[in-house]
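All remarks here apply to the structure that follows.
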Amino acid sequence: MKASLKGKTIVLTGGGGGIGRAAAQALAKEGARIALCGGNNIEKLEKTACLVKDCGAEVFVLPGDLTDFNFLENCIEKIASHFGQIDILINNAGIALNKPFEETTQADFDRIFSINVRAPFILCQKVLPYLRKSNHAAIINIASVVGHKGYVNQAAYAASKHALIGFTKTLANEVYTQNIRVHIISPGGVYTDMVKVVRPDLKEEGMILPEEIADIILFLLQSRGNAVIDEICVHRVGKQPFDV
Ligand SMILES: NC(=O)c1ccc[n+]([C@@H]2O[C@H](COP(=O)([O-])OP(=O)(O)OC[C@H]3O[C@@H](n4cnc5c(N)ncnc54)[C@H](OP(=O)(O)O)[C@@H]3O)[C@@H](O)[C@H]2O)c1
10 MKASLKGKTI VLTGGGGGIG RAAAQALAKE GARIALCGGN NIEKLEKTAC
60 LVKDCGAEVF VLPGDLTDFN FLENCIEKIA SHFGQIDILI NNAGIALNKP
110 FEETTQADFD RIFSINVRAP FILCQKVLPY LRKSNHAAII NIASVVGHKG
160 YVNQAAYAAS KHALIGFTKT LANEVYTQNI RVHIISPGGV YTDMVKVVRP
210 DLKEEGMILP EEIADIILFL LQSRGNAVID EICVHRVGKQ PFDV
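Numbering (the numbering used here), first residue to last: 10 to 253.
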């Protein structure tokens, strides 16, 4: 039986585009309350907020840069005081980089790690006290197939997603006895702004749609029985199976 998300408060990063926007809409249709946490492009966040409201759901928009220490330090508390509770965190925001290993600068490395690893790490820490009070506590970290493989020209991105998966495994083991479920989704090529920039060679046809990842997010969050899914790896249709 599917668990209901009605009235659950979900913190979602990277809600301004791609997978995040599709997830916000899918969750809103299930009656969840959505906090769009972080984002530099306020117009994109507002557009998602309108789409969420069109689904009849409550939304709270908190723009901000996930590299900013002060934003990370305070955003979860602000969301909790707005909604009165937090049940679920989805760390979806991320950036990619398409550069040969030797050309990747220290600044590239630091930026990608601060958005793809440090921000989700800190947000997970900040949200746990609230999740402990919830009867539907869950965290989903959006990693990548790149977190399992070393794609050419993606050393910093691959390192960041391996790191994200690494700390998520530890976190899951530290909190599962507290009824907090921690999941990883590792998608292959999804047709979003990110992939258009880093893999311009890939055509829309055959790519995963953001809405398909949103469906997987829903599936994970609505599955609260005795069968627990740690990670879902998803590859695009033309890719060789079991070869993320
Ligand atoms: N697309 C793929 O093929 C693919 C495959 C595997 C995994 N993923 C992962 O899926 C997640 C979502 O990516 P997407 O494909 O949906 O890409 P996207 O459309 O580019 O979305 C990325 C989101 O992250 C936000 N973001 C980036 N830097 C930020 C910062 N410093 N502070 C706050 N927000 C920031 C962006 O907001 P602003 O634009 O407002 O900065 C944007 O909303 C990422 O973690 C990505 O690594 C994507």
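Note that the Cβ used here is the ideal one computed from N, Cα and C, for glycine as well.
>> Taking 8 Å as the cut-off, is the beta-carbon of Pro-219 closer than that to any non-hydrogen atom of ligand 1?
In response: Mapped onto the sequence shown, residue 219 falls at position 210. Yes - ligand 1 has a heavy atom lying nearer than 8 Å to the Cβ of Pro-219.
>> Given a cut-off of 9 Å on the beta-carbon distance, is the pair Glu-82 and Ile-124 in contact?
In response: Numbered from 1 along the sequence shown, position 73 holds the residue referred to as residue 82. Numbered from 1 along the sequence shown, position 115 holds the residue referred to as residue 124. No. Outside cutoff.
> If you measure from the CB of Gly-23, is any heavy atom of ligand 1 nearer than 8 Å?
Replying inline: Along the sequence shown, read from residue 1 onward, the residue named residue 23 stands at position 14. Because some heavy atom of ligand 1 lies under 8 Å away, the Cβ of Gly-23 counts as near it: yes.
> So is Arg-30 buried or exposed if we call it buried at 16+ other beta carbons inside 10 Å?
Replying inline: The count along the sequence shown starts at 1 and reaches residue 30 at position 21. Arg-30 is buried by the Cβ-count criterion.
> At which residues does the beta strand (DSSP E) containing Ala-44 begin and terminate?
Replying inline: Taking the sequence shown and counting its residues from 1, the one referred to as residue 44 is at position 35. First-last of the beta strand (DSSP E) with Ala-44: 42-46.
> Quick one: Cα of Glu-269 to Cα of Gly-24, how far?
Replying inline: Residue coverage of the chain in this structure runs from 10 to 253, which leaves residue 269 outside it and unanswerable.
>> In whole angstroms, give me the CA-to-CA distance for Gly-247 and Lys-212.
In response: Here residue 247 corresponds to residue number 238 of the sequence shown, with the count starting at 1. Here residue 212 corresponds to residue number 203 of the sequence shown, with the count starting at 1. So the two alpha carbons sit approximately 11 Å from each other.
>> I'd like to confirm something about Ala-128: is its beta-carbon nearer than 8 Å to some heavy atom of ligand 1, or not?
In response: Looking up residue 128 in the sequence shown gives position 119. Under cutoff, so the answer is yes.
>> Between which two residues does the beta strand (DSSP E) holding Pro-196 run?
In response: Mapped onto the sequence shown, residue 196 falls at position 187. Segment 190-196, the beta strand (DSSP E) holding Pro-196.
>> DSSP three-state label for Gly-175, please.
In response: In the sequence shown, the residue the question calls residue 175 occupies position 166. Here Gly-175 sits in helix by DSSP.
> According to DSSP, which residues form a beta bridge with Gln-163?
Replying inline: Position 154 of the sequence shown, counting from 1, holds the residue named residue 163. DSSP output for Gln-163 lists Lys-108 as bridge partner(s).
> Looking at the structure shown, is Cys-242 part of a helix, part of a strand, or coil, going by DSSP?
Replying inline: The residue you call residue 242 lines up with position 233 of the sequence shown. It is a strand residue.
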